[in-house]
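Residue numbers (this note's numbering), protein chains in the order written: chain A, 692 to 1359; chain B, 47 to 296. Right, one structure below, let's go through it.
Structure representation (structure tokens):
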């Protein structure tokens, strides 16, 4: 055990990643050629539950229904069209090489592995890069209105962490357009009777029968009714856990409940400490704030990030005495361009975020709170003209102006990193099946493809790859060994879980304390942001692990949930989710404590390059950069739940690199 | 800042609703409108009472969940934004603000300011899609689509399905919503094959759901947070007329 502070014990419980044999570029092709099939007459006898209706869930539900399975799909929103995939702005990667700039499946694969700081599985990532090409075809056929050139061909742009232009986009609303394509496919299947849709319905627990995931217990958020659903397989596509930090760019309702409940029922939670802090968000302005707003990373193509060289100049901006215009060119520090000359403002997200934190910690921040840097467009406006910038980013500039009340064309934007995406999630094998047979996990909810840091425009790609192309090919592998309809909701396990769910709701309703759910959520969020956010230390994590149980205790003693559980009750919904976030935060901190290295979004202050290191002396990297420790930590950390308040148990899946060589990630 | 709120409260779909008055105290002018409601709700909750329920999720103007009429105007009198993008700096100290749900027969109230907009999903299910099986798509660049057509399709496709158009219309017509989807899909070559079936089915579903007719007042266009042009209604009428004729002839 690497860390004495965490009382977890590594076990030798083998995790079988089920990676197919053969050379990397042929694995997926040969897997599909040999995969089990279910004949069409039998497919309709199998039922599948899909929880979540974003890109991964919506795509899976629609496609499995097209194939003939009986699908039930669940979402907490009032319509599947509102899942938070809709808010993705920038774009989706596809290795089409339409720009003839040297892109290929291999290069997308390599960029993703390197971008993820060598903590993802080669086979999964290569499959993702292969499928990226089909996704673009599929979306165009559905009528997704991607940006086009005057000649009618699809347009591309470059995105953070890549030196080729492989990102397809629909102005700053790519996620919306992809989700609507997916939603329309889903509604088509609903109208044909293949999918039964349950909106305003939240999964509160997983039902495991004889070791297999066979159903879920849900609450109807409009009526309060608790019901069970049984099926031959369960698919979770329930998104990430960014809202554990209270403030994030996630939608208000995004939560970790489905994944955490699965974890408590035996599914392993993998790499939960890998969280992505996105560099370009609108800074926090006050403690009333409910969420943070992302400004698309695409802005970094034409914007230059800087702070004043001197603390005194920065102080004058913070006090409102000066604006950006008062700082002459020679007094500005374009810190990303300075530190990473070959990637400049397009350096990957983790590196850009950490650099912004560094300059603000030095006292050179420009937002009122001290936590903000400039994203400046004056050079691009001079070079390309105001109209071009408006055409490219008009809606983003408008959004910024609405929120901040400042004109970004004139004054530039002030931005600061914020929690955006979570690379960690439930552990899955190559089939996207968790260690509970029958439980499959797609999209952001699984841990699989992004390692320790996700590259821009890769989340949409992964969600759709999992939903449209991977799960339809891998699910039969599981179902072929099952007798359709063998478990129904009359099984005692359903009654048991239903009773537990009802008891927990009763418990939440009956605390009748004095503090709102939000106040606990905010307290938890600030704690994990401080101790398990952009940089982590052993001391801080130990402190967080001491404080979280106290928050839990206070919550269950003093939370107030007014109203009744029989009907719409938004405080009850939040209370259930926050109770789960508290439990989840502990697992996240255990993981961060165990991982005694810095990689991607996980930066442990104890593990960074110093001026004495060879790689710094020879100019390959800078002092202060993250130091990975491949000899000890080149593994997926999969955590087994052991009971409330009991430290989780670590299982390791060693990561083996055959096709790429592990190297220090340099963007200089 | 300090404000007086007049808020529609209705405990369940069949209960009688009423306007209740709340005082909003010490609201920061940087807060968003929904954050102002959060602050008021915290006070209500800590007094042990049921908070004001409203739909909201992304809070950045794209999911289409939020659905309040502020001082009688769906979303607010500011153009091109959703309720969640309204900021308190647009109000003055001492203002009285009226907050009601989006009202339409086809959008029954669930609780307080939350309404049931599932009729929109059923309209999309009736024909608001291109029927292409996953895996059967041709190479993406096989069909060239002129930039202008692509941009037109995109402009119509930006609809967030919030229902403000319906709430603003004196007839509670859904023509802007239906027109936007029909215009998006019918403008693209991929959508041509199903064009007639699509408009006939969507318009029939719209009528079945109890939405009213369009009488060209353009209130819908005025409140649309994505500023979708009422031209999509004209296009829908044209496509519908042509489809109806072909349906009879064939």
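For every residue, glycine included, the Cβ atom is placed at its ideal position computed from N, Cα and C.
Kindly give me the distance between the Cβ atoms of residue i and residue j, rounded to whole angstroms, as I take these residues to be in contact under 8 Å.
{"i": "residue 274 of chain B", "j": "residue 196 of chain B", "result": "Contact flag wrong, Cβ pair sits at about 16 Å."}
{"i": "residue 813 of chain A", "j": "residue 1349 of chain A", "result": "6 Å"}
{"i": "residue 753 of chain A", "j": "residue 830 of chain A", "result": "The Cβ separation is near 13 Å, so there is no contact."}
{"i": "residue 860 of chain A", "j": "residue 876 of chain A", "result": "Their Cβ separation, rounded to whole angstroms, is 20 Å, which puts residue 860 of chain A and residue 876 of chain A out of contact at 8 Å."}
{"i": "residue 176 of chain B", "j": "residue 868 of chain A", "result": "Going by Cβ atoms, the distance from residue 176 of chain B to residue 868 of chain A rounds to 13 Å, so no, they are not a contact pair."}
{"i": "residue 802 of chain A", "j": "residue 1290 of chain A", "result": "So it is not a contact: roughly 16 Å between Cβ atoms."}
{"i": "residue 1344 of chain A", "j": "residue 706 of chain A", "result": "4 Å"}
{"i": "residue 128 of chain B", "j": "residue 116 of chain B", "result": "That belief does not hold up - the Cβ atoms of residue 128 of chain B and residue 116 of chain B are roughly 11 Å apart, past 8 Å."}
{"i": "residue 1207 of chain A", "j": "residue 88 of chain B", "result": "5 Å"}
So what does DSSP say about residue i, is it helix, strand or coil?
{"i": "residue 169 of chain B", "result": "helix"}
{"i": "residue 716 of chain A", "result": "helix"}
{"i": "residue 1331 of chain A", "result": "strand"}
{"i": "residue 159 of chain B", "result": "coil"}
{"i": "residue 147 of chain B", "result": "strand"}
{"i": "residue 1252 of chain A", "result": "coil"}
{"i": "residue 136 of chain B", "result": "helix"}
{"i": "residue 230 of chain B", "result": "helix"}
{"i": "residue 845 of chain A", "result": "strand"}
{"i": "residue 1352 of chain A", "result": "coil"}
{"i": "residue 1018 of chain A", "result": "coil"}
{"i": "residue 235 of chain B", "result": "helix"}
{"i": "residue 1193 of chain A", "result": "helix"}
{"i": "residue 764 of chain A", "result": "strand"}
{"i": "residue 164 of chain B", "result": "helix"}
{"i": "residue 1185 of chain A", "result": "helix"}
Just checking: is the beta-carbon of residue i within a distance shorter than 8 Å of some beta-carbon in chain A?
{"i": "residue 276 of chain B", "result": "no"}
{"i": "residue 231 of chain B", "result": "yes"}
{"i": "residue 200 of chain B", "result": "yes"}
{"i": "residue 121 of chain B", "result": "no"}
{"i": "residue 80 of chain B", "result": "yes"}
{"i": "residue 127 of chain B", "result": "yes"}
{"i": "residue 283 of chain B", "result": "no"}
{"i": "residue 27 of chain B", "result": "With chain B covering only 47 through 296, there is no way to say anything about residue 27 of chain B."}
{"i": "residue 157 of chain B", "result": "yes"}
{"i": "residue 252 of chain B", "result": "no"}
{"i": "residue 262 of chain B", "result": "no"}
{"i": "residue 237 of chain B", "result": "yes"}
{"i": "residue 166 of chain B", "result": "yes"}
Do residue i and residue j have their C-beta atoms closer together than 8 Å?
{"i": "residue 241 of chain B", "j": "residue 170 of chain B", "result": "no"}
{"i": "residue 1265 of chain A", "j": "residue 1202 of chain A", "result": "no"}
{"i": "residue 994 of chain A", "j": "residue 912 of chain A", "result": "no"}
{"i": "residue 157 of chain B", "j": "residue 58 of chain B", "result": "yes"}
{"i": "residue 879 of chain A", "j": "residue 763 of chain A", "result": "no"}
{"i": "residue 907 of chain A", "j": "residue 742 of chain A", "result": "yes"}
{"i": "residue 1103 of chain A", "j": "residue 1133 of chain A", "result": "no"}
{"i": "residue 48 of chain B", "j": "residue 140 of chain B", "result": "yes"}
{"i": "residue 1191 of chain A", "j": "residue 919 of chain A", "result": "no"}
I'd like to know if residue i contacts chain B, where contact means its C-beta is closer than 8 Å to some C-beta of that chain.
{"i": "residue 769 of chain A", "result": "yes"}
{"i": "residue 969 of chain A", "result": "no"}
{"i": "residue 649 of chain A", "result": "Here chain A has residues from 692 to 1359 only, and residue 649 of chain A is not among them."}
{"i": "residue 917 of chain A", "result": "no"}
{"i": "residue 943 of chain A", "result": "yes"}
{"i": "residue 939 of chain A", "result": "no"}
{"i": "residue 1212 of chain A", "result": "no"}
{"i": "residue 701 of chain A", "result": "Because residue 701 of chain A carries a pLDDT of 39, less than 50, the predicted location of this residue cannot be relied on, and no value is offered for it."}
{"i": "residue 772 of chain A", "result": "yes"}
Worksheet item: the stretch 170–183 of chain B: which residues have C-beta closer than 8 Å to a C-beta of chain A, in chain order?
Response: Here the close residues are 170, 171, 172, 174, 175, 176, 177, 178, 179, 180, 181, 182 and 183.
Worksheet item: Got a sec: which bits of the stretch 868–888 of chain A sit with their beta carbon under 7 Å from any beta carbon on chain B, in order along the chain?
Response: 868, 871, 875, 876, 878, 879, 881 and 882
Practice prompt. Using a Cβ-Cβ cut-off of less than 8 Å, list which residues of the stretch 98–116 of chain B approach chain A; keep chain order.
Written response: 99, 101, 102, 103, 104, 105, 106, 107, 108, 109, 110 and 111
Discussion item. Short of 7 Å Cβ to Cβ, which residues in the stretch 1250–1270 of chain A face chain B?
Written reply: 1251, 1253, 1254, 1258, 1259, 1261 and 1262
Discussion item. Counting only Cβ-Cβ distances shorter than 9 Å, please list the residues of the stretch 826–856 of chain A near chain B, keeping chain order.
Written reply: Correct list: 827, 828, 829, 830, 831, 832, 833, 834, 835, 836, 837, 838, 839, 840, 841, 842, 843, 844, 845 and 846.
Worksheet item: Relative to chain B, which residues along the stretch 909–933 of chain A have a C-beta separation below 7 Å, given in chain order?
Response: 913
Item to complete: Report the residues of the stretch 1091–1102 of chain A with a CB closer than 8 Å to any CB of chain B, ordered along the chain.
Response: 1093, 1094 and 1096
Worksheet item: At a Cβ cut of 9 Å, what residues of the stretch 1190–1212 of chain A count as close to chain B, listed as they run along the chain?
Response: Taking 9 Å as the Cβ-Cβ cut-off against chain B, the residues of the stretch 1190–1212 of chain A that qualify are 1203, 1205, 1206, 1207, 1208, 1209 and 1210.
Item to complete: Please list the residues of the stretch 971–1001 of chain A that have a C-beta atom closer than 8 Å to any C-beta atom in chain B, keeping them in chain order.
Response: 976, 977, 979, 980, 981, 982, 984 and 985
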